[in-house]
Amino acid sequence: MMPPASLIVAFERLLGPAGLLTDPHDTAPFATDWRGLYHGRTAIVLRPATTAEVVECVRLAAAARVPLVPQGGNTSMVGGAVPAEDGSEIVLSLCRLDRVRAIDPLDLTVTLEAGVTLKAAQDRAAAAGLWLPLSISSEGTADIGGVLATNAGGNNTLRFGNARERVLGLEVVLADGSLWNGLRRLRKDNTGYALRQLFVGSEGTLGIITAAVLRLEPAPAERAAAFVGLPSAEAALALLARLQRHDAAALIAFEYMSAAGLELVLTHIAATRLPLARPAPHYALIELAGSRPGAGLGPGLEAALAAALEEGEIIDAALASSEAQRTAFWRLREEHSEAQKLAGASVKNDISVPVPAIPDLLRRAAAAAHALVPGVRVAPFGHLGDGNIHFNLIQPEGASSESFLAQGEPLMEAVNEVVLSLDGSFSAEHGIGRLKPPMLARFRSPTEVSLLRRIKTALDPEGLLNPGKLLPMIRP
Ligand code: MLT
Ligand code: ZN
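Going by our numbering, the sequence shown opens with residue 183, and the numbers climb by one from there.
Spelled out as structure tokens, the structure:
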């Protein structure tokens with residue numbers, strides 16, 4: 183059922199012309215996800231510019247019992263921010279809440295609104311001589327509200343944890359339109375349930391994050407990055423352990439790329455090239471950073487890699503000798519998703535296992551995928567240091583996208599069986615969204631699913647916030 187016309191009129195009165203979109207041409211991009219998996223409909227896109235306006239929007243929607251779909255940069259990999267196809271839900275975009283409210287170099291905190299992009303937040307911190315060590319491939323578009331609502335992980339989790347580890351305080355609009363001001367910036371505040379952590383990773387199903395206080399770090403004084411070729415996945419683990427022994431405090435990233443994954447980047451992304459003398463079956467991008475000037479991170483990394491070469495843990499290595507080269511290394515890693523999109527339809531498995539199980543995972547999941555779809559292109563990559571691999575499968579060359587995507591579910595199931603046998607997770611960092619609720623029952627006990635459901639019911643009894651995401655939809 184479409185939202186009542188009287189509600190649309192009330193929104194128009196509240197937000198004015200700049201605060202909403204009604205032309206189907208304008209609303210369409212907000213109803214489709216980045217991957218193009220879902221094509222929903224929304225009669226209107228709400229674009230409030232202040233927390234007070236978000237409060238009013240939620241109140242109006244709640245009174246009319248119309249569900250809202252909160253949306254940030256719309257970069258979800260699991261359809262977490264798209265409305266339903268029947269047009270019954272309304273998208274509420276947080277993009278106009280884009281102010282940095284305060285930054286405190288002594289306290290090492292930033293207070294910012296949900297619509298600030300992650301990249302803008304990083305830049306703002308850097309301008310104050312500080313560092314927001316949260317980095318994901320979509321950071322230019324993804325915004326803080328979405329990053330927190332999905333507890334994004336990314337490239338520096340190894341050293342600094344997931345998004346939730348950055349959060350000291352939150353401001354949240356609840357399902358009935360009341361406002362919880364939890365914008366505290368305390369390191370120690372042992373006063374009951376950690377409410378803010380309930381909303382982090384709730385994927386917009388419990389409340390709408392409008393602002394946050396995040397912990398920052400002093401800006402790094404030195405960085406060192408290397409791109410290495412590896413003979414095997416086991417060698418990658420040996421190298422990771424070596425670098426942790428070498429300098430665990432400075433090791434901020436250990437990213438994995440398969441030969442097949444890198445090949446797609448080199449083929450589809452302009453101005454990219456392999457920075458090594460010869461290709462290898464596996465690659466890693468390693469980065470060290472620290473705030474102590476003169477720490478000698480570069481020479482230290484070089485010495486550790488020389489020892490690794492001696493032990494046969496790596497085949498070849500290139501150290502970034504300039505900022506431009508460091509950026510070029512990261513481009514090879516960060517353009518993986520884009521390159522895979524250009525190569526055809528893909529089935530994404532954002533999975534994690536205990537780090538020592540990664541070689542087993544790569545072998546067994548590849549065999550399972552090949553057995554189901556001969557010729558499938560297996561292009562795993564990701565955050566090896568966190569045990570998180572994006573075990574992405576791309577359609578066989580020349581095959582039709584439709585017939586390949588029809589195999590999506592069995593392929594994800596086959597990979598997940600391997601993950602389950604290795605005590606892993608079916609969603610390491612992308613969340614559950616609309617794609618993965620059916621997987622919950624296979625991976626989680628009835629007790630755990632019931633706990634999730636009880637929390638949802640307690641905070642959103644009418645089921646008005648992002649229905650059908652995270653938990654399977656219950657139709658009244
Ligand atoms: C990344 O780390 O680049 C993403 O999480 C990507 C993906 O699964 O495609
Ligand atoms: Zn990732």
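All C-beta atoms, glycine included, are put in the ideal place defined by N, C-alpha and C. These figures come from a predicted structure and were not determined experimentally.
Asked: Report yes if the C-beta distance between A388 and G327 is below 7 Å; otherwise report no.; Found: It is Leu, not Ala, that sits at residue 388 in the sequence shown. Not a contact, by the Cβ cut-off of 7 Å.
Asked: Apart from the five residues on each side of it in sequence, which residues of its chain come closer than 7 Å, Cβ to Cβ, to E591?; Found: none
Asked: Between the C-alpha atoms of Q304 and P556, what's the straight-line distance to the nearest angstrom?; Found: 43 Å
Asked: Give me the Cα-Cα distance between G411 and R460, rounded to the nearest whole angstrom.; Found: 8 Å
Asked: Excluding the 5 residues flanking M184 on each side, which residues of the same chain have their C-beta closer than 8 Å to its C-beta?; Found: A225, G269, S270
Asked: Does DSSP put L425 in a helix, in a strand, or in coil?; Found: helix
Asked: For G255, which residues in the same chain have their Cβ closer than 8 Å to its Cβ, ignoring the five residues on either side in sequence?; Found: C277, T299, S320, T323, A324, D325, G328
Asked: Determine which residues share a DSSP beta bridge with Q253 and list them.; Found: S275
Asked: So, G567 versus L352, is the Cβ gap smaller than 7 Å?; Found: no
Asked: Could you compute how far the alpha carbon of W362 sits from the alpha carbon of V237?; Found: 10 Å
Asked: Can you tell which of A331, P211, A588 has its C-alpha closest to the C-alpha of E611?; Found: A331
Asked: Which same chain residues, not among the five before or five after L196, have their C-beta less than 6 Å away from its C-beta?; Found: E238
Asked: Per DSSP, what kind of secondary structure is P608 in: helix, strand or coil?; Found: Reading the sequence as shown, one finds Phe at residue 608 and not Pro. Looking at F608 - three-state DSSP - the assignment turns out to be coil, as it is neither helix nor strand.
Asked: Quick check on DSSP: helix, strand or coil for S528?; Found: strand
Asked: For T214, write down the residues that DSSP places opposite it in a beta bridge.; Found: H221
Asked: How would you write the range of the alpha helix (DSSP H) that A510 sits in, first residue to last?; Found: 505–516
Asked: Less than 6 Å between the CB of S609 and some heavy atom of ligand 3, yes or no?; Found: Although ligand 3 was asked about, the structure shown includes only ligand 1 and ligand 2 as ligands.
Asked: Can you give me the Cβ contacts of G580 inside the same chain, cut-off strictly under 6 Å, excluding the 5 residues immediately before and after it?; Found: none
Asked: Leaving aside the five residues before and after P315 along the sequence, list all residues of the same chain whose C-beta is less than 6 Å from its C-beta, in chain order.; Found: N338, F342, E399
Asked: Can V535 and G569 be called in contact, C-beta distance under 7 Å?; Found: yes
Asked: Starting from the C-beta of L365, find all residues in its chain whose C-beta is less than 8 Å away, skip the five residues before and the five after it, and write them out in chain order.; Found: T293, G351, L352, E353, A393, A394, V395
Asked: Among the residues of its own chain, which have a CB less than 8 Å from the CB of A187, if the five just before and after it don't count?; Found: none
Asked: Taking the beta carbon of Q379 as the centre, do at least 16 other beta carbons fall within 10 Å, making it buried, or is it exposed?; Found: exposed
Asked: Distance check for F409 and L501, CA to CA, integer angstroms please.; Found: 7 Å
Asked: Just mark L518 as buried or exposed, buried being the case when its beta carbon has 16 or more other beta carbons within 10 Å.; Found: It is His, not Leu, that sits at residue 518 in the sequence shown. Burial call: buried.
Asked: Reducing DSSP to helix, strand and coil, say where R349 ends up.; Found: Residue identity differs from the one stated: residue 349 is Val in this sequence, not Arg. Strand at V349.
Asked: Compute the minimum distance between the beta carbon of S519 and the heavy atoms of ligand 1, and state whether it is under 6 Å.; Found: yes
Asked: Taking Cβ positions only, does N598 come closer than 7 Å to chain D?; Found: In the displayed structure, chain D is absent; only one protein chain is listed.
Asked: Given a threshold of 16 other Cβ atoms within 10 Å of its Cβ, counted over all protein chains shown, does R247 qualify as buried or as exposed?; Found: exposed
Asked: Using 8 Å as the cut-off, can you tell me whether the region 472–487 makes contact with the region 530–548, which would need three or more C-beta pairs spanning the two stretches below that distance?; Found: no
Asked: Does D371 come out as helix, strand or coil in the three-state DSSP assignment?; Found: coil
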